[in-house]
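Residue 335 is where the sequence shown starts when you use my numbering, and the numbers rise one by one after that.
Glycine is no exception: its CB is placed at the ideal position from the N, C-alpha and C atoms.
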Amino acid sequence: MSTKKVLQHVDKNMNVLVKDLRVLIQQPSVSAKNQGIKKCANLVRSTLKKSGINAEILTMKDYPPIVYGEVKSKKNPNKTLLFYNHYDVQPVEPVELWDEDPFSGKIKGNRIYGRGSSDDKGELITRIRAVASFLNVTGDIPCNVKFVIEGEEETGSAHIEEYLKKYRKKFSCDGVIWEFGHVDSKNRPIIDLGMKGLLYVELSLRESKMDAHSSLAVLIKNPAWRLVEAIKTLRDSSGKILIKDWYKEVQPLAKSDIKILKSFPFDEKEFKKEYGIKK
Ligand SMILES: [Zn+2]
Numbered sequence: 335m336s337t338k339k340v341l342q343h344v345d346k347n348m349n350v351l352v353k354d355l356r357v358l359i360q361q362p363s364v365s366a367k368n369q370g371i372k373k374c375a376n377l378v379r380s381t382l383k384k385s386g387i388n389a390e391i392l393t394m395k396d397y398p399p400i401v402y403g404e405v406k407s408k409k410n411p412n413k414t415l416l417f418y419n420h421y422d423v424q425p426v427e428p429v430e431l432w433d434e435d436p437f438s439g440k441i442k443g444n445r446i447y448g449r450g451s452s453d454d455k456g457e458l459i460t461r462i463r464a465v466a467s468f469l470n471v472t473g474d475i476p477c478n479v480k481f482v483i484e485g486e487e488e489t490g491s492a493h494i495e496e497y498l499k500k501y502r503k504k505f506s507c508d509g510v511i512w513e514f515g516h517v518d519s520k521n522r523p524i525i526d527l528g529m530k531g532l533l534y535v536e537l538s539l540r541e542s543k544m545d546a547h548s549s550l551a552v553l554i555k556n557p558a559w560r561l562v563e564a565i566k567t568l569r570d571s572s573g574k575i576l577i578k579d580w581y582k583e584v585q586p587l588a589k590s591d592i593k594i595l596k597s598f599p600f601d602e603k604e605f606k607k608e609y610g611i612k613k
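Next comes the structure, spelled out in structure tokens:
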């Protein structure tokens with residue numbers, strides 16, 4: 335299978351990619367406002383279909399639909415790669431800070447502007463076009479490919495677990511590639527093979543049953559300070575988490591992991607410059 339020819343096909347058809355991406359950007363899909371979600375799901379399905387990918391819309395209750403796509407490999411039908419992406423975007427507010435209409439997909443120079451041009455319609459379209467190019471040039475793909483494209487990532491993927499349980503068999507695969515990648519400061523395309531999670535908790539504390547004048551601080555404990563003290567017990571100044579058993583199930587890094595991490599192209603100087611970090 336000639337990957338070179340496939341890559342040439344990608345380059346030659348960049349106009350299709352740009353056009354498809356702009357059409358996607360121009361369809362608002364703000365999950366936080368339930369704006370255009372179903373319309374965008376339909377659009378994603380038709381984009382998959384016209385690229386030669388079998389596609390359907392999966393629904394559950396009144397949840398935002400998941401767009402599912404699939405192509406079977408003739409030569410390598412025993413391995414399956416799943417692309418996870420999302421078609422919803424963050425709200426556009428504050429609108430006055432935009433130079434262009436956030437759903438214009440306007441091209442200026444070498445860039446496309448609009449909500450979702452990067453996270454995550456941009457990444458999604460590159461994957462769709464990659465599959466389309468393989469199909470066009472070789473009539474096949476190197477392994478089975480599945481697409482799971484959800485519509486509520488930006489509001490916390492509240493129902494993905496239910497979807498995963500319901501469509502467990504449909505989504506089964508050997509590996510998942512997460513939604514994004516990026517181009518680093520040296521213009522190298524990067525795909526991350528691992529991701530850290532996040533946990534957030536909300537602490538609330540009430541001392542008196544109503545607002546109290548600051549002069550009463552000598553009599554009523556200030557909940558704000560008590561919260562500061564509580565937060566201080568969560569981690570030490572070096573960042574180590576102090577919660578009991580927090581690290582209990584953490585696996586130490588293998589030598590091979592460290593080797594991979596060390597080879598990760600990270601430019602510390604450039605990074606600090608970008609964020610204005612001094613130390
Ligand atoms: Zn995203």
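Open item on the list: Which complete alpha helix (DSSP H) runs does the segment 350-423 hold, if anything under 4 residues is left out?
Closed with: 371-384
TODO: Flag this pair as yes or no: are the beta carbons of residue 422 and residue 485 separated by less than 7 Å?
DONE: yes
- [ ] Taking the CB atoms as reference points, tell me whether residue 478 and residue 596 lie closer together than 7 Å.
- [x] no
Task: CB contact flag (residue 450, residue 359, <7 Å) - done: yes
Open item on the list: With the cut-off set at 7 Å, would you say residue 474 and residue 414 are in Cβ contact?
Closed with: no
- [ ] Evaluate the contact criterion for the segment 516-524 versus the segment 595-609: three or more CB pairs, one atom per stretch, below 8 Å.
- [x] yes
Open item on the list: Is residue 513 near ligand 1 - that is, is its Cβ less than 6 Å away from at least one heavy atom of it?
Closed with: yes
Task: At least three beta-carbon pairs within less than 8 Å, the segment 436-448 to the segment 526-536 - done: no
TODO: Quick one: residues in its chain with C-beta nearer than 7 Å to the C-beta of residue 409, no 5 flanking neighbours on either side, listed in chain order?
DONE: 474
Open item on the list: When you compare the segment 426-442 with the segment 487-507, are there three or more beta-carbon pairs, one atom per stretch, that lie closer than 8 Å?
Closed with: no
Task: Integer-rounded CB distance, given that residue 462 should sit under 8 Å from residue 382 - done: 6 Å
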